[in-house]
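Q: Take the sequence shown: its position 171, counted from the start at 1, is 247 in the working numbering, and no numbers get skipped. We treat Cβ as the ideally placed atom computed from N, Cα and C, and that holds for glycine. Small disclaimer: the values here were computed from a predicted structure and weren't measured.
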Amino acid sequence: MQDVHADLGTEADTLAELVREHEEKVLLPAGRVITGHLAELTVVARRVVLSVEGEDSASAPSITASGTLGDAVLGWRSEHRKATELLAAADGEIDWPGGPVRPSVLAAALLTAVFARGQDIADVLGVRLPRNDSVGHVAYYGVRTRDDAYTGHGPPPAAPFRFELTAPSGTRWEFGPAGAADRVTGPAEDFCLLFTGRRPPARLAVTTAGEATRWAELARTRHNPFWTSEAD
77 MQDVHADLGT
87 EADTLAELVR
97 EHEEKVLLPA
107 GRVITGHLAE
117 LTVVARRVVL
127 SVEGEDSASA
137 PSITASGTLG
147 DAVLGWRSEH
157 RKATELLAAA
167 DGEIDWPGGP
177 VRPSVLAAAL
187 LTAVFARGQD
197 IADVLGVRLP
207 RNDSVGHVAY
217 YGVRTRDDAY
227 TGHGPPPAAP
237 FRFELTAPSG
247 TRWEFGPAGA
257 ADRVTGPAED
267 FCLLFTGRRP
277 PARLAVTTAG
287 EATRWAELAR
297 TRHNPFWTSE
307 AD
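#1: Apart from the five residues on each side of it in sequence, which residues of its chain come closer than 7 Å, Cβ to Cβ, to residue 229?
#2: Leaving out the 5 sequence neighbours to the left and right, which residues in its chain are closer than 6 Å to residue 132 when beta-carbon positions are compared?
#3: Excluding the 5 residues flanking residue 313 on each side, which residues of the same chain have their C-beta closer than 6 Å to its C-beta?
#4: Mind checking if residue 91 is an interface residue toward chain B, Cβ cutoff 7 Å exclusive?
#5: Closer than 6 Å to a non-hydrogen atom of the ligand SAH - does that hold for the CB of residue 175?
#6: With a CB to CB cut of under 7 Å and the five nearest residues on each side skipped, what residues in its chain are close to residue 190?
#7: Should residue 202 be labelled buried (16 or more other beta-carbon atoms within 10 Å of its own) or exposed?
#8: Taking its Cβ as the centre, do 16 or more other Cβ atoms sit within 10 Å of residue 305, making it buried, or is it exposed?
#9: Among 95, 79, 124, whose alpha-carbon lies nearest the alpha-carbon of residue 197?
#10: Let me confirm a value: residue 19 is counted as buried when at least 16 other C-beta atoms fall within 10 Å, else exposed. Which label applies?
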């Protein structure tokens with residue numbers, strides 16, 4: 077996988093360009109929905125900036141989904157660039173809800189937010205976002221936060237899962253012990269769409285076995301503070 081900080085910039089550029097390409101063709105109701113997703117990304121990026129700077133991330137102001145799509149893109153990209161640059165230069169763990177995290181992990185969380193909201197925007201526009209191996213960082217974050225899906229549903233399983241995911245390039249990514257009975261297998265993009273709640277398991281080419289089948293149902297409905305500022 078490429079550097080997560082570089083991918084943060086590249087994926088944001090791709091999403092911004094997608095919105096700009098359709099800006100003149102989007103009708104008002106759809107435009108408001110897209111502006112809302114961009115406002116959400118702006119809040120998340122702002123929270124990252126505050127955390128890296130040692131401030132309380134919860135103090136990030138709400139951003140109203142108003143104005144033109146162009147203005148919304150500019151506002152988000154400005155905040156996202158600050159977050160990306162600060163994360164790349166950060167040294168040591170960063171305070172975040174749930175406990176301190178490494179800068180690279182927080183960068184993966186921010187990239188997960190871009191992936192999830194980018195999918196929302198693509199769905200509104202009726203287009204498909206191009207995906208590349210940057211989804212590996214998102215997949216890693218989904219694997220790392222496996223236990224979050226069990227919040228409110230009892231303790232998570234003690235044994236690790238086996239994840240076998242295929243990158244868009246065809247590369248195979250593996251996480252967890254090879255002999256684990258609880259398994260998740262399939263395209264990395266589909267896995268990311270699943271754990272971010274953007275697609276139900278039935279619509280994805282993800283295969284699960286054992287406890288991982290229950291996890292897949294729980295994961296798609298969770299509310300994860302790492303990549304959203306409000307409950308979806």
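A: On the basis of the data shown:
#1: 294
#2: none
#3: The displayed coordinates of the chain run from 77 to 308. Any statement about residue 313 would go beyond what the structure contains.
#4: As a matter of chain content, chain B is missing from the structure shown, which is built from one protein chain.
#5: In the structure on display, the ligand SAH does not appear, and there are no ligands present to speak of.
#6: 87, 88, 91, 117
#7: exposed
#8: In this predicted model, residue 305 has a pLDDT of only 49, less than 50, meaning its place in the structure is not dependable; the value taken from the coordinates is given anyway. The residue is buried, with at least 16 neighbouring Cβ atoms inside 10 Å.
#9: 95
#10: Outside the modelled stretch of the chain, which goes from 77 to 308, sits residue 19, for which no answer is possible.
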